[in-house]
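Residue numbers (this note's numbering): 532 to 943.
Pasting the structure below:
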């Protein structure tokens with residue numbers, strides 16, 4: 532019997548969620564958690580594969596705002612909850628669900644699609660490229676060289692602990708100010724803040740978190756950190772607490788410096804785990820001994836798929852002037868062709884052209900370049916981008932790349 536791939540109905544959502552939990556090898560969510568998720572899910576964007584009525588593969592997409600270079604925040608097609616049951620692998624189920632979703636996104640007018648890839652080899656064949664990367668450090672606090680007697684910022688600012696209600700009140704406005712400054716950042720809806728602060732729970736029991744804000748000398752909130760601790764003690768009754776940073780966002784270097792110093796100065800904390808940070812985060816070099824920050828993870832994070840090359844390339848900004856003719860290969864047929872891109876700090880224009888190409892690349896490489904992280908020169912050296920005219924890759928680097936690396940603070 533052929534496998535049926537289609538959107539799910541409300542009555543099928545619990546079975547779909549069972550397949551989702553099974554695919555991720557996690558404990559089945561309780562019925563109330565499944566119902567809460569269904570209430571916040573657009574079922575016409577939830578796909579499943581069914582074998583004799585039983586769901587064996589899952590896929591979901593939703594609207595999300597993504598910050599581009601220059602601060603634009605277009606709505607993109609964000610993909611999540613992708614699984615295929617172990618009993619039904621290698622049957623093209625993901626390909627069928629992906630094709631249906633991307634076609635629908637293109638029809639809606641979305642210029643971009645995004646996802647956070649659990650496994651690296653899968654998504655390039657669907658035209659996605661790794662657009663942001665992450666690094667996670669473990670800081671040996673006693674070795675760091677920071678003054679253990681630190682009592683707060685010396686720039687006129689201050690750090691205050693706040694409760695969950697205060698986070699729900701102050702956090703959304705702060706985050707909206709932050710995210711437009713950070714290419715790769717995404718929006719957070721009201722439910723995100725309820726889940727983050729324990730007002731609403733899904734899955735495992737709520738684990739207590741601590742929250743602190745950095746206020747500038749003028750009283751403006753310029754930083755927010757969320758963290759937890761394991762409460763560890765050694766057998767000789769000495770504290771060995773590991774503090775885990777869940778989120779640390781800052782509008783200014785002063786705020787970032789103060790919040791990192793704060794979490795590294797809390798009594799009984801001997802290790803700080805930073806969580807997923809931008810690879811060029813300031814943290815290691817804020818320490819008198821940067822070697823105290825040991826890299827424990829470095830990996831790709833947000834992947835971008837361009838669905839409309841013209842609209843996508845015109846949506847971001849470019850710091851230097853230049854003209855590039857791009858030959859884009861797209862085996863899914865969503866945005867193939869040759870395009871002339873003219874950019875300057877004043878704006879960008881992109882249109883189909885018959886001119887000779889400067890660069891030839893797959894749409895997945897365009898996704899990797901799009902937020903300013905990847906290097907066209909490096910991609911050419913790797914053989915995944917073809918420089919049709921000498922110097923074109925170097926020009927692409929000057930045009931596309933950003934002074935600081937893009938970063939995606941949130942998983943979805």
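Idealized CB from N, CA, C, for every residue including glycine.
Worksheet entry | Validate contact between the stretch 629-646 and the stretch 776-795 using beta carbons, cut 8 Å, 3 pairs | Short answer: they don't touch.
Worksheet entry | Anticipated Cβ contact below 8 Å, residue 577 with residue 557, distance rounded | Residue 577 to residue 557, Cβ: 18 Å. No contact.
Fill in: Cβ separation of residue 663 and residue 832, assumed to be a contact under 8 Å, to the nearest whole Å
Confirmed, Cβ separation roughly 5 Å.
Worksheet item: What is the rounded straight-line gap between the Cα of residue 609 and the Cα of residue 745?
Response: For residue 609 and residue 745, the distance between alpha carbons rounds to 31 Å.
Discussion item. What residue range does the alpha helix (DSSP H) around residue 901 cover?
Written reply: 894-901
Worksheet item: Roughly how far, in whole angstroms, is the beta-carbon of residue 849 from the beta-carbon of residue 930, given that I think they are within contact range, below 8 Å?
Response: 5 Å
Practice prompt. Would you decide whether residue 812 is buried or exposed? Buried here means 16 or more other CB atoms lie within 10 Å of its CB.
Written response: buried
Item to complete: With residue 553 as the anchor, note down where its beta strand (DSSP E) starts and where it stops.
Response: Where residue 553 is concerned, there is no enclosing beta strand (DSSP E), although the alpha helix (DSSP H) it sits in stretches over 544-554.
Fill in: First and last residue of the uninterrupted alpha helix (DSSP H) at residue 697
For residue 697, the uninterrupted alpha helix (DSSP H) segment begins and ends at 695-710.
Worksheet entry | Nearest-angstrom Cβ-Cβ length linking residue 855 and residue 892, presumed shorter than 8 Å | Not confirmed; about 11 Å, so no contact.
Item to complete: In the DSSP assignment, find the unbroken alpha helix (DSSP H) run with residue 624 in it and report its ends.
Response: 624-639
Fill in: Close beta carbons around residue 671, own chain, < 6 Å, minus the five adjacent residues each side
823
Worksheet item: Going by Cα to Cα distance, which pick from 641, 760, 767 and 801 is closest to residue 604?
Response: 641
Worksheet item: Using the C-alpha atoms, what's the distance from residue 729 back to residue 553?
Response: 25 Å
Practice prompt. Find the nearest neighbour of residue 942 within the set 875, 924 and 645, judged by alpha-carbon distance.
Written response: For residue 942, the closest C-alpha among the options 875, 924 and 645 is that of 645.
Practice prompt. Report yes if the C-beta distance between residue 863 and residue 658 is below 7 Å; otherwise report no.
Written response: yes
Worksheet item: In three-state terms, what does DSSP make of residue 799?
Response: coil
Discussion item. For the beta strand (DSSP E) containing residue 587, name the first residue and the last one.
Written reply: 585-596
Fill in: Rounded separation between residue 938 and residue 648 - CA only
15 Å
Worksheet item: What residue does the beta strand (DSSP E) around residue 755 start on, and which one ends it?
Response: 752-760
Fill in: Coil, strand or helix - residue 915 by DSSP
coil
Worksheet item: With 16 other CB atoms within 10 Å as the buried threshold, where does residue 570 fall?
Response: exposed
Item to complete: Pick out whichever of 936, 643 and 542 has its Cα sitting closest to the Cα of residue 607.
Response: For the residues 936, 643 and 542, the minimum Cα distance to residue 607 belongs to 643.
Item to complete: Determine the closest residue to residue 685 out of 674, 748 and 693, with distance taken between C-alpha atoms.
Response: 748
Practice prompt. Take the Cβ of residue 825 as the centre, count every other Cβ of all protein chains shown within 10 Å, and call the residue buried at 16 or more, exposed below.
Written response: exposed
Worksheet item: Can you list the beta strand (DSSP E) stretches of 3 or more residues lying completely in the stretch 810-882, in chain order?
Response: 824-831, 833-837, 853-860 and 868-875
Worksheet item: So what does residue 612 bridge to, in DSSP terms?
Response: Partner(s): none; residue 612 has no beta bridge.
Fill in: Nearest to residue 917 (by Cα), restricted to the options 898, 860, 865 and 936
860
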